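Undergrad:
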Amino acid sequence: MLVLGLTLLAGARAEGQSESDRLNEFFEESFQRILDVSPMYQSSLGIKKDYDKWDDLSEAAVTREFSMNVEGLARLRSEFDYGKLDDQAKISYRLFEEQAEQYIERFPWRKYRYLATQMRGLHASVPSFLINTHRVSTLKDAQDYVRRLEGIEGLFDQLIVNINEQADLGIIAPKFVFEAVIEACANVIRGEPFSQTGSDSTLLADLREKIAELSPETIPEAEGERLIAEARMALLEHVEPAYGKLIETLTDLEERATDEDGAWKFPEGDIYYRKALQWTTTTDMPPDEIHDLGLAEMDRIHTEMRVIMNKVRFRGSLSEFFDFTRTDPQFFKPNTEAGKQEYLDEATAIIDTMRGRLDEMFLTMPEARIDVKRVEAFREKSAGKAFYQRPAPDGSRPGTYYANLRDMADMPLYQMEALAYHEGIPGHHMQVSIAQELEGLPKFRKYGRYTAYIEGWGLYSETSPKEMGMYQDPYSDFGRLAMELWRAARLVVDTGLHHKRWTRQEAIDYLVENTPNPEGDCIHAIERYIVMPSQATAYKIGMIKIMELRRRARQELASYYHIREFHDAILKNGALPLDILDEQVTQWIERTLQSIGSKPQ
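Numbering that gives the first Met the number 0 applies: residue 0 is where the sequence shown begins, and numbers increase by one.
1) Just reading off the beta strand (DSSP E) that I369 is part of, what are its end residues?
2) Once DSSP output is grouped into helix, strand and coil, what is the label at S387?
3) Roughly how far, in whole angstroms, is the beta-carbon of R378 from the beta-carbon of A123, given that I think they are within contact range, below 8 Å?
4) What residue range is occupied by the uninterrupted beta strand (DSSP E) comprising Y400?
5) With distances taken Cα to Cα, identify the nearest neighbour of D578 among L121, Q277, G150 and S66.
6) Determine the DSSP secondary structure at G519, reduced to helix, strand or coil.
7) Would the beta-carbon of Y81 fall within 7 Å of that of D143?
8) Near A568, which residues of its chain fall below 6 Å by C-beta distance, leaving aside the five closest residues on each side in sequence?
9) Report the three-state DSSP secondary structure of D199 (helix, strand or coil).
10) Which word fits L592, buried or exposed, when buried means at least 16 other C-beta atoms lie within 10 angstroms of its C-beta?
11) Among residues of its own chain, excluding the 5 on either side of L8, which ones have a beta-carbon nearer than 7 Å to its beta-carbon?
12) Spell out the partners DSSP gives G120 in its beta bridges.
13) Determine the DSSP secondary structure at E18, reduced to helix, strand or coil.
14) Name the one or two DSSP bridge partners that E191 has.
15) What does the alpha-carbon distance come out to for the pair T137 and E216?
16) Restricting to runs no shorter than 4 residues, where is the alpha helix (DSSP H) found entirely within the segment 409-497?
17) Roughly how many angstroms separate the alpha carbons of E208 and A275, rounded to a whole number?
18) Under a three-way DSSP split, which group does S43 fall into?
19) Contact check, E461 vs M482 under 8 Å by CB: the rounded distance?
20) Assign R553 to one of three DSSP states: helix, strand, or coil.
21) Just verifying my parser: in three-state terms, what is the DSSP assignment at K539?
22) Just how far apart, CA to CA, sit R389 and E454?
23) Classify N572 as helix, strand or coil using the three-state DSSP reduction.
24) Just to confirm my understanding: we take T116, look at its own chain, exclude 5 residues before and 5 after, and list those with CB closer than 7 Å. What are they?
25) Considering only their Cβ atoms, is the gap separating P392 from L34 smaller than 7 Å?
26) Kindly indicate which three-state DSSP category S381 falls into: helix, strand or coil?
27) Suppose you measure from the CA of A11 to the CA of V491; what does that come to, to the nearest Å?
28) Flag F330 as yes when its Cβ comes closer than 6 Å to any non-hydrogen atom of the ligand GDP, and as no otherwise.
29) Are Y474 and Y413 closer than 7 Å when you measure CB to CB?
30) Please report the residue range of the alpha helix (DSSP H) in which Y50 lies.
31) Using a threshold of 7 Å, state whether the C-beta atoms of M610 and Y470 are closer than that.
32) Tell me, please, whether the CB atom of E359 is closer than 7 Å to any CB atom in chain C?
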């Protein structure tokens with residue numbers, strides 16, 4: 000993720016300009032510099048400035064970014080008087096400072112992040128980016144699409160250099176990773192024009208469809224045919240060699256890979272994991288404390304699950320109830336195209352129903368639209384169970400909740416409601432959309448990413464609809480608890496894998512024995528946590544903080560507490576580290592108490 004620690008040329012203070020105004024100008028110019036060096040970030044925000052280019056992954060580019068962070072942090076501290084800033088500008092100052100400091104702290108560890116796994120990497124994100132982010136509404140857009148196809152080879156050459164440099168440092172993904180990644184690569188170069196199968200490859204089909212959707216006035220038929228011919232050539236001359244070289248590199252690395260899974264295997268891996276936990280959770284909680292918290296939460300949620308088990312009159316142990324919910328056909332859609340479409344339709348209906356009732360719990364509403372889509376076939380095997388893509392700020396692209404429907408046995412119906420709330424409304428779509436629609440905040444805050452806040456809100460959003468009367472079906476309420484249990488288990492298995500040196504199988508067994516999720520789900524999850532150390536801990540840590548703040552607000556404000564105002568206090572500053580979120584909610588409580596005290600009695 001790009002960090003906002005970039006420089007601004009010094010300029011004279013405009014007459015009458017406040018310190019906060021000067022600071023916000025600094026932030027805006029800094030953000031623009033980020034956009035200038037990242038064509039992919041531009042496109043994600045709906046900007047078509049460098050629409051034919053990819054990001055620069057070279058070490059020289061990374062070093063320049065580091066230098067800009069160092070200089071930007073120095074200028075922030077030397078050119079602006081924190082004491083003269085208004086309240087919002089003070090928050091912005093601290094966030095900018097914290098992000099630059101963290102970028103600098105993380106820089107020596109930059110090679111520790113796996114670059115090609117079943118969860119993430121350019122091998123999958125490049126085709127996904129072209130399909131879902133590179134919109135084609137003009138002839139120039141289509142031409143730029145072809146230019147980007149031609150540029151994939153150069154991009155992957157840089158990626159391969161970086162992967163090999165990692166390997167030389169001993170940073171090699173576990174052996175299980177490689178089969179899925181190599182298969183995902185092969186999927187991209189399957190079909191026309193790579194082989195005479197009679198069906199287009201993923202990217203050729205995408206460009207053909209996008210051109211076909213435009214009028215002949217926008218792209219005449221002959222011009223469209225020429226573009227498709229150029230795309231075929233680019234796919235053969237650049238995309239196929241790019242993926243071929245990457246597959247060769249990964250195949251060689253697979254022979255060097257081991258079955259050791261945790262971050263502890265890296266040079267100074269224990270230190271790295273502790274730092275990763277700090278960066279992810281925005282707290283100083285040590286691994287053992289997080290592990291013990293997870294175990295305590297598991298016990299609490301198991302107790303609540305037994306209440307539901309009794310409510311549905313199930314006779315047997317909780318473990319037997321888990322087996323029942325894993326295997327009974329009533330809990331799954333058929334693994335057919337019709338069954339998958341039914342799932343999408345019902346998930347959409349859940350979000351639509353919640354949207355119609357938002358004013359019961361929220362003052363601020365998102366304007367951006369949301370779609371529910373299947374994960375594309377080429378990345379189904381490697382993608383996660385469900386995830387969210389933010390909308391374009393200009394409204395040209397809606398937010399998207401992606402459901403992975405590769406195997407409907409991994410998508411139980413009792414979890415459908417909670418998943419829709421988490422990824423859609425009032426979860427990620429609502430939080431992300433409100434943040435980027437806020438007026439008066441610098442852009443780096445509108446698009447900020449603090450995983451503990453974002454995923455904490457997503458998990459909190461699974462629970463809060465229960466207060467509105469949702470989860471009428473006890474099995475859906477069980478699904479809500481099952482998903483919270485899943486996030487509690489993450490605290491246990493993430494620290495188990497990376498701190499306590501559990502094996503992959505030990506972690507899988509823990510999930511199978513203690514959660515209702517199918518075994519396949521447990522395997523995919525553990526393989527995710529292995530390649531993304533610490534990330535899985537953010538959800539529960541963030542949710543616990545939001546719930547703690549809510550209890551405090553309710554206790555201190557008593558009859559003056561209103562859930563809608565509390566949610567505004569959480570959402571209307573954009574994503575925040577948990578300590579600053581705590582401060583902002585505390586200040587909201589104090590302001591509310593002061594306003595109560597000033598009212599005539």
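Where a beta carbon is used, it is the ideal one built from N, C-alpha and C, also for glycine. On a predicted model such as this, the values are computed, not experimentally measured, just so you know.
TA: If we stick to the structure as given:
1) What you label residue 369 is simply residue 370 of the sequence shown in a count that begins at 1. Run containing I369: I369 to R373, per the beta strand (DSSP E) assignment.
2) For this step, residue 387 is matched to residue 388 along the sequence shown. Note on identity: in this sequence residue 387 is Tyr, with Ser being the wrong assignment. Reduced to three states, the DSSP call for Y387 is strand.
3) Stepping through the sequence shown from its first residue, residue 378 is reached at position 379. Stepping through the sequence shown from its first residue, residue 123 is reached at position 124. The Cβ separation is near 5 Å, so the contact holds.
4) Counting from 1 along the sequence shown, the entry for residue 400 is found at position 401. Run containing Y400: G398 to A402, per the beta strand (DSSP E) assignment.
5) Locating residue 578 in the sequence shown gives position 579, counting from the first residue. Checked all of L121, Q277, G150 and S66; the closest Cα to D578 is Q277.
6) Numbered from its first residue, the sequence shown carries residue 519 at position 520. Of the three classes helix, strand and coil, the one that applies to G519 here is helix, per DSSP.
7) Translated into positions along the sequence shown, residue 81 becomes position 82. Translated into positions along the sequence shown, residue 143 becomes position 144. Judged by their CB atoms, Y81 and D143 are not nearer to each other than the 7 Å cut-off.
8) The residue you call residue 568 lines up with position 569 of the sequence shown. Excluding the 5 residues flanking it on each side, A568 has same chain C-beta neighbours closer than 6 Å at V584 and W587, in chain order.
9) Counted from its first residue, the sequence shown places residue 199 at position 200. Collapsing the DSSP output to three states places D199 in a strand.
10) For the purposes of this step, residue 592 is taken as the residue at position 593 of the sequence shown. Exposed, by the Cβ-count rule.
11) As a first step, residue 8 is located in the sequence shown; it is residue number 9 there, counting from the start. Residue confidence is low: L8 scores 40 on pLDDT, short of 50, so the model does not pin down where it sits. Its coordinate-derived value is still stated next. Within the same chain, no Cβ atom closer than 7 Å to the Cβ of L8 is found once the five residues on either side in sequence are excluded.
12) Indexing the sequence shown from 1 puts residue 120 at position 121. Residue pairing of G120 in beta bridges, as defined by DSSP: A115.
13) Numbered from 1 along the sequence shown, position 19 holds the residue referred to as residue 18. The answer is helix: DSSP assigns E18 an H, G or I state.
14) In the sequence shown, counting from the first residue as 1, residue 191 sits at position 192. BP columns for E191 point to D199.
15) Walking along the sequence shown from the start, residue 137 turns up at place 138. Walking along the sequence shown from the start, residue 216 turns up at place 217. Approximately 10 Å, taken between the alpha carbons.
16) Complete alpha helix (DSSP H) runs here, min 4: 415-422, 427-436, 442-445, 450-462 and 473-497.
17) As a position in the sequence shown, residue 208 is number 209, starting the count at 1. As a position in the sequence shown, residue 275 is number 276, starting the count at 1. When rounded, the distance between both Cα atoms is 42 Å.
18) Position 44 of the sequence shown, counting from 1, holds the residue named residue 43. DSSP, read as helix, strand or coil, puts S43 in helix.
19) Here residue 461 refers to the residue found at position 462 when the sequence shown is read from its first residue. Here residue 482 refers to the residue found at position 483 when the sequence shown is read from its first residue. Indeed they touch by this definition, with Cβ atoms about 6 Å apart.
20) One-based indexing of the sequence shown puts residue 553 at position 554. Residue state, collapsed to three classes: helix.
21) Translated into positions along the sequence shown, residue 539 becomes position 540. In the structure shown, K539 adopts helical secondary structure according to DSSP, grouped into three states.
22) In the sequence shown, the residue the question calls residue 389 occupies position 390. In the sequence shown, the residue the question calls residue 454 occupies position 455. If you take the alpha carbons of R389 and E454, they lie about 14 Å apart.
23) Working through the sequence shown from its first residue, we reach residue 572 at position 573. N572: coil per DSSP, three-state reduction.
24) If you number the sequence shown from 1, residue 116 lands on position 117. Counting only Cβ-Cβ distances below 7 Å, and skipping sequence neighbours, we find A172, V176, V180 and V530.
25) Counting from one through the sequence shown, the residue named residue 34 turns up at place 35. Counting from one through the sequence shown, the residue named residue 392 turns up at place 393. Contact flag unset, no.
26) Along the sequence shown, one-based indexing puts residue 381 at 382. Three-state DSSP puts S381 in coil, outside helix and strand.
27) On the sequence shown, residue 11 is found 12 positions in, with the first residue counted as 1. On the sequence shown, residue 491 is found 492 positions in, with the first residue counted as 1. Caution applies to A11, whose pLDDT of 47 falls short of 50 and renders its modelled position unreliable; the value that the coordinates give is listed next. So the two alpha carbons sit approximately 54 Å from each other.
28) Looking for the ligand GDP in the displayed structure turns up nothing, as the structure carries no ligands at all.
29) Here the question's residue 474 lines up with position 475 in the sequence shown. Here the question's residue 413 lines up with position 414 in the sequence shown. Yes, the pair counts as a contact, with Cβ atoms nearer than the cut-off.
30) Position 51 of the sequence shown, counting from 1, holds the residue named residue 50. Neither: Y50 is in no alpha helix (DSSP H) and is coded neither H nor E.
31) Nothing can be reported for residue 610, as the shown portion of the chain is limited to 0 through 600.
32) The chain labelled as chain C is not found in the depicted structure, where only one protein chain is given.
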